[in-house]
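221 is the number of the first residue of the sequence shown in the numbering used here; add one for each residue after it.
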Amino acid sequence: MERKPVFPQLAEIIHGGDYNPEQWLDRPDILEEDIRLMKEAGINCATLGVFSWSVYEPEEGEYHFEWLVQIMDNLYQNGIYTILATPSGARPAWLDEKYPEAMRVDEYGVRNHHGFRHNHCMSSPVYQQKVETIIRKLTEQVKGHPGLILWHISNEFGGECYCPLCRERFQGYLSERFDGDIHKLNHAWWNTFWSHNYNRFDQIEPPYSNGERSNMGLNLEWKRFTTWNMNEYMKFEIGILRSLTPEIPVTTNFMQLYWGLDYRVMAKELDVVSWDAYPRFHNDRETFYETMEQNAFDHAVMRGMKRNTPFMLMESAPGLVNWQEYNKLKRPGVHQLFGMQALACGSDTVQYFQFRKGRGSFEQYHGAVVDHLGTNDTRIFKETAALGQNLKKLSQIAGSLVRAKAALLFDWDNMWAIADMKGLSDYTKNYVPVCHSFYREFLRMGVDMDVIASDDDLTEYDLVVAPMLYMLRPGAAGNLQAFVKRGGQLLATYLTGYVDETTLCFLGGFPGEGLSELFGVVSEEIDTLYPADRNMVRFSDGSRAQVKDYAEILRVKDAECLAVYEEDFYRETPAVTVRRHGKGAAYYVGARIEIESLRGIFGRMAEDAGITTKKLPLGVEYHKREADGQCYEFYLNNTEESQEIAGVDGENLLGSRMAGETLTLGRYEAAVFVSRQADY
Ligand code: GLA
Ligand code: ZN
């Protein structure tokens with residue numbers, strides 16, 4: 221597999237972040253100092269212009285780009301590249317004053333006032349027209365600039381708009397989706413219930429807070445519409461940029477599993493996926509390594525959206541953030557470790573929000589590489605500079621890829637459908653934490669997993685877990701059947717295959733769409749337990765484990781029983797099963813069983829899938845990237861104690877402590893080794 225660096229001009233790992241010189245134009249001394257400090261911190265890239273509209277265009281039609289070009293020139297002359305944002309993330313006051321229809325309408329149907337950011341209607345023609353003008357003017361200034369390597373579209377797209385224009389677009393979207401046939405929509409949404417039948421598409425309203433919120437099909441389509449509309453808007457910006465600067469790739473910065481948008485739809489329009497990571501480090505509800513494991517999951521989501529190219533860590537906080545419930549400092553060493561984790565998981569960049577702390581307003585206390593103190597002599601600056609030095613030693617990693625053989629299936633619309641279903645308990649559905657727990661178990665076995673969609677191509681994978689796949693997208697069931705048929709190891713859980721993509725229940729037994737044949741079981745009932753309730757399961761080897769929250773009562777048609785319930789009226793009935801199909805296997809875990817008790821099954825699945833596992837101390841994370849016959853192995857010590865790992869070899873890129881083949885990692889230390897791939 222060939223190395224494919226995202227930015228061939230750099231041939232190194234990008235180290236940088238958001239830089240807002242427009243806040244300091246009256247301080248040339250500071251702007252000069254910034255360049256010096258960037259170089260000292262090993263920064264080779266700055267993200268400019270994220271919210272610069274009111275400086276670019278202080279009055280309608282009056283433009284000022286001289287400062288930007290001068291800064292880009294200075295940066296470039298000092299070896300620092302520019303990622304340039306389009307300024308559409310926040311609008312100047314004159315725009316909202318003159319064109320109030322550009323502002324968003326909330327879920328009660330009330331128009332917002334000017335302010336904050338991301339307060340614009342994506343459907344608004346006047347907003348789009350103003351954006352197009354500013355993008356064209358901006359591009360004229362920077363086109364062909366040797367420092368410009370990437371367009372950053374707007375910033376962290378999000379939110380919804382309930383204005384009349386968006387309502388109309390929603391109706392048009394629905395009409396298209398249901399072939400202009402209102403009866404089709406009525407059937408798909410089961411609208412005869414509570415007399416919900418519509419006569420025409422133009423009667424349908426978005427789910428206003430004081431309106432129709434009880435229709436699962438409508439709620440789900442509204443979420444899909446919001447993604448579609450946002451994506452149409454994003455495509456509009458991308459279209460302008462591609463026509464003017466076709467050689468410059470585009471991205472937009474995502475936010476983990478952001479609730480409001482199905483990022484997979486948007487990722488298709490981008491050249492590279494990028495995201496902003498702000499874990500709650502050192503919190504009081506989990507261990508530090510659990511926080512890191514969850515962040516690795518988020519990296520795997522980003523990686524899974526474009527598997528043939530590295531992704532970017534576009535933002536992260538040097539030191540601390542200012543918007544979490546408790547804004548705790550990252551402890552010494554975590555900065556380095558967190559940056560290394562991004563690389564380990566397939567990122568080609570480590571970037572921050574932000575380079576220099578502003579003096580005022582909303583983010584004045586948000587961490588930055590350069591603090592209000594203004595010097596290089598701070599803990600954060602020194603840690604950033606130390607990471608910068610290590611990233612230089614790892615330049616050869618740029619363009620290599622994580623090649624996971626295992627995947628976890630996660631769908632945004634499944635997340636929406638589970639949350640909105642009326643049933644079970646609203647307090648314990650926990651779809652995302654359950655996905656985390658499965659991912660984590662494989663990570664602890666040293667197995668890299670991509671997080672992908674249920675209808676994604678599975679040909680590269682030999683092991684797939686699909687927790688709580690409640691809603692089956694079209695093609696998902698066939699995808700899983702084909703996977704097992706060609707020898708894949710599949711595991712699904714309770715709450716699989718209850719509804720189709722419009723949230724209509726399958727008839728004839730869950731899991732639907734032929735999956736009950738694949739697993740050899742039918743789920744007849746699902747028991748929702750109170751928080752203090754417990755059941756137990758007993759595995760064939762006699763080991764026992766607790767069940768909480770959910771337990772399905774299964775009818776086994778044609779499967780081997782691996783565990784039975786021990787208590788209640790369904791005691792001694794199957795709780796975990798497997799149906800083998802030649803080399804392939806379909807495991808069904810019918811209850812929320814302590815995840816640790818499934819390790820035996822996970823190990824067997826990995827073995828049958830031909831995936832090598834590793835014995836790692838708890839809290840040590842392992843990943844592998846590959847390119848051009850080289851293999852890069854990462855070990856991260858996500859604990860406060862030093863850890864020893866045996867059987868490590870290869871060239872030691874960071875000069876980590878070795879005794880023979882035993883690696884010793886101090887608290888929060890990371891190590892990287894390169895070796896020739898055996899099979900190359
Ligand atoms: C987001 C935004 C940035 C900044 C940071 C603060 O990621 O994109 O502009 O507000 O949060 O953490
Ligand atoms: Zn709108």
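Positions of the beta carbon are idealized from the N, C-alpha and C atoms, including for glycine.
Counting of Cβ neighbours within 10 angstroms places Phe789 among the exposed residues, the total staying below 16. Considered as a whole, the region 554-624 harbours 554-564, 599-613 as its complete alpha helix (DSSP H) runs of no fewer than 4 residues, in chain order. Counting of Cβ neighbours within 10 angstroms places Pro307 among the buried residues, the total reaching 16 or more. Segment contact: the region 496-514 against the region 542-556, three or more CB-CB distances shorter than 8 Å; contact assigned. When DSSP states are grouped into helix, strand and coil, Lys777 belongs to the coil group. Nearest to Val685 by alpha-carbon distance, out of Asp675, Asp677, Ala712, is Ala712.
Residue side-chain check: His586 places its Cβ nearer than 7 Å to a non-hydrogen atom of the ligand GLA. Exclusion of Ala686 from the 7 Å shell around the ligand GLA follows from its C-beta lying no nearer than that to any non-hydrogen atom of the ligand. Annotated as distal: Asn339 and Arg389, with beta-carbon spacing of 8 Å or more. In the structure shown, Tyr790 falls within a coil segment according to DSSP collapsed to helix, strand and coil.
For Arg444, no beta strand (DSSP E) segment is defined; the enclosing uninterrupted segment is the alpha helix (DSSP H) at 436-464. For Val362, the three-state secondary structure derived from DSSP is helix. A Cβ-Cβ distance of about 5 Å is found for the pair Arg887 and Glu860, placing them in contact under the 8 Å criterion. Each residue's CA atom was taken as its position, placing Arg706 and Pro312 some 57 Å apart.
Taking non-hydrogen atoms of the ligand GLA into account, the C-beta of Asp591 is found less than 7 Å away from none of them.
Contact between Met560 and Leu856 holds: CB atoms are separated by about 6 Å, below the 8 Å threshold. Contact between His235 and Asn264 holds: CB atoms are separated by about 6 Å, below the 8 Å threshold.
For Thr511, the uninterrupted alpha helix (DSSP H) run begins and ends at 508-525, by DSSP.
In the DSSP assignment, Asp316 falls outside any beta strand (DSSP E) and lies within the alpha helix (DSSP H) extending over 313-318.
According to DSSP, Ala673 shares a beta bridge with no other residue. Exclusion of the five residues before and after Glu583 leaves Asn542 as the residues of its chain whose Cβ lies within less than 7 Å of its Cβ. In this structure, Thr446 sits away from Gly392, with a CB-CB distance that is not shorter than 8 Å. In the DSSP annotation of this structure, Gln863 is not part of any alpha helix (DSSP H); the continuous beta strand (DSSP E) holding it starts and ends at 863-865.
Sorting Leu836, Arg223, Phe271 by C-alpha distance to the C-alpha of Glu376 places Phe271 at the top.
If one requires a minimum length of 4 residues, the alpha helix (DSSP H) runs lying completely within the region 321-378 are 345-362, in chain order.
If you check the C-beta of Asp518 against the ligand GLA, you find no heavy atom less than 7 Å away. Exclusion of the five residues before and after Trp442 leaves Pro426, Pro427 as the residues of its chain whose Cβ lies within less than 6 Å of its Cβ. In the three-state reduction of the DSSP assignment, Arg433 falls in the coil class, being assigned neither a helical nor a strand state.
Close CB contacts of Gln514 within its chain, under the 6 Å cut and outside five residues either way in sequence, are with His656 (chain order).
For Asn406, the three-state secondary structure derived from DSSP is helix. The ligand ZN approaches Ser343 closely enough that one of its heavy atoms is under 7 Å from the residue's Cβ.
Spanning the alpha carbons of Thr604 and Gln297 requires a straight line of approximately 22 Å.
Looking at the DSSP output, Asp496 bridges to Glu535. In the three-state reduction of the DSSP assignment, Val485 falls in the helix class, which pools H, G and I. Secondary structure note for Lys259: its alpha helix (DSSP H) is the uninterrupted segment 248-260. In the three-state reduction of the DSSP assignment, Met756 falls in the strand class.
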